[in-house]
Ligand code: BGC
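In my numbering, the protein residues as written are 543 to 877.
Structural data, given as structure tokens:
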């Protein structure tokens with residue numbers, strides 16, 4: 543089968559031929575990959591900024607956002623059947639499992655020895671077929687198949703929102719999402735669905751096509767960073783934006799940092815102390831966040847969801863990974 547892989551020795555990104563995946567454990571599910579999404583992490587991988595191939599190999603098949611349809615199931619698989627639609631989770635437990643991985647929270651792995659499909663040490667889904675254990679898959683109902691490929695990026699936003707609500711000491715009502723990328727837009731949709739007064743702020747101009755998708759759902763978009771809210775979800779990748787938002791946060795404010803990875807700056811500790819403010823980091827997502835993503839997809843505006851996605855051919859994947867940024871929030875390649 544065809545697969546798009548990074549070669550860490552030759553420093554190339556190329557298509558290759560691969561044997562179909564092995565399907566042997568009783569909890570295994572074999573599925574055909576139908577759609578794959580591309581995100582900033584994939585683009586960073588494609589320029590060798592992060593990632594690692596499986597132990598003993600030079601190549602890593604990329605891809606961690608996927609939607610597939612079950613072809614076959616092992617004898618021990620309980621809840622999935624041939625024909626079901628599934629979205630895989632990304633992270634797999636460290637071995638031997640740390641305390642978090644042992645209780646099923648690989649997103650909270652404390653050993654740092656976890657693996658991630660298509661990112662760290664495990665092949666991903668930019669190929670035709672895949673095998674995962676049942677516990678690593680979430681079922682996507684038939685009525686959501688058109689949007690099932692969004693389950694993974696939405697799960698990242700879901701976990702961030704759960705984190706914010708878990709630590710907020712008051713009654714949060716307002717939220718600001720920083721960043722007009724797919725994670726930011728999906729986070730805004732999830733906050734709106736929970737009844738929060740949410741707006742999105744970013745650097746794109748007010749008439750940007752992505753802002754129009756937010757307006758479809760009555761989510762205001764403001765170019766530039768101003769003001770603050772009880773909950774701030776940072777999905778910009780900009781440390782300046784995160785620190786600026788921190789300076790503006792109201793008492794009890796909680797900021798979840800998702801993207802501001804590179805950079806440093808002064809943290810207003812005194813302001814945070816006297817105002818009981820919290821900054822939390824959040825990476826990846828657990829089964830609960832993936833299931834929350836499926837539930838939210840069912841209640842989001844279908845027109846807005848459709849507008850988030852631009853579909854392209856599987857054979858054009860390389861272009862999405864190395865070419866110019868797309869105006870469309872999410873480029874999805876169809877096999
Ligand atoms: C994925 C996460 C992953 C992170 C870092 C993100 O793009 O959605 O699952 O943990 O990259 O590898």
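Ideal placement from N, C-alpha and C gives every residue a C-beta, glycine not left out.
Quick caveat: nothing in here was measured; it's all calculated off a predicted structure.
At the level of alpha carbons, what is the spacing between residue 873 and residue 784?
Going by the C-alpha atoms only, they are around 26 Å apart.
Since I believe residue 662 is in contact with residue 545 (beta carbons under 8 Å), could you give me their beta-carbon distance rounded to a whole number of angstroms?
Their Cβ separation, rounded to whole angstroms, is 17 Å, which puts residue 545 and residue 662 out of contact at 8 Å.
| field | Length at least 4, wholly inside the region 789 to 832: the alpha helix (DSSP H) runs in chain order | value | For the region 789 to 832, whole alpha helix (DSSP H) runs of length 4 or above, ordered along the chain, are 811 to 816.
| message | If contacts are defined as beta-carbon pairs under 8 Å, then residue 551 and residue 597 qualify, I think. What distance do you get, rounded to the angstrom? | response | No, residue 551 and residue 597 are not in contact; Cβ-Cβ is about 14 Å, not under 8 Å.
_Beta-carbon gap between residue 736 and residue 671 smaller than 7 Å_ = Cβ distance not < 7 Å, so residue 736 and residue 671 don't count as in contact.
Note down the Cα distance separating residue 578 from residue 877, rounded to an integer number of angstroms. 8 Å
* **Cβ shell of residue 790 (< 7 Å), same chain only, five flanking positions each side left out** => The residues are 769 and 770.
* Asked: With distances taken from CA atoms, which of 564, 871 and 556 is nearest residue 750?
  -> 871
Check whether chain D comes within 7 Å of residue 725, counting only Cβ atoms and requiring the distance to be less than that. No chain D appears in this structure, which consists of one protein chain only.
Inset, instruction - Quick one: grab the DSSP three-state call for residue 756. - result: helix
inquiry  = Can you tell me whether residue 757 is buried or exposed? The criterion is at least 16 other CB atoms within 10 Å of its CB, across all chains shown.
reply    = Burial call: exposed.
Of the listed residues 723, 605, 798 and 744, nearest to residue 894 (C-alpha basis)
Lying outside 543 to 877, the shown extent of the chain, residue 894 is not represented and no answer is given.
Exercise. What span of residues does the alpha helix (DSSP H) with residue 583 cover, start to end?
Worked result: 582 to 588
Checklist entry - Taking Cβ to Cβ, would you say residue 629 is nearer than 7 Å to residue 698? => result no
Going by alpha carbons, who is nearest to residue 742 out of 719, 754 and 620?
-> 719
List the whole-angstrom C-beta distance separating residue 863 from residue 580, where the pair is believed to meet the contact cut-off of C-beta under 8 Å. 6 Å
**Asked** Looking at C-alpha atoms only, which residue of 612, 800, 716 and 804 is the closest neighbour of residue 826?
**Response** When each option's Cα is compared against that of residue 826, the closest is 800.
With contact counted as at least three CB pairs below 8 Å, one residue from each stretch, are the region 699 to 708 and the region 607 to 622 in contact?
no
Taking the straight line between their C-alpha atoms, what separation do you get for residue 856 and residue 875?
5 Å
Subject >> residue 689 - DSSP class collapsed to helix/strand/coil >> reply: helix
Quick one: give me the first and last residue of the beta strand (DSSP E) that residue 855 is part of.
851 to 855
Mind checking which residues open and close the alpha helix (DSSP H) that includes residue 731? 724 to 735
Residue 818 beta carbon less than 7 Å from that of residue 794 | yes
ask   = If you draw a straight line from the alpha carbon of residue 624 to that of residue 572, how long is it in whole angstroms?
value = 9 Å
- Drop a sphere of 10 angstroms on the beta-carbon of residue 555, count the other beta-carbons inside from all chains shown, and report buried for 16 or more, exposed for fewer. buried
Exposed or buried, what is residue 808 when buried is set at 16 or more other beta-carbons lying within 10 Å of its beta-carbon? exposed
Within this structure, are the beta carbons of residue 632 and residue 640 separated by less than 7 Å?
-> No, Cβ-Cβ distance for residue 632 and residue 640 is not below 7 Å.
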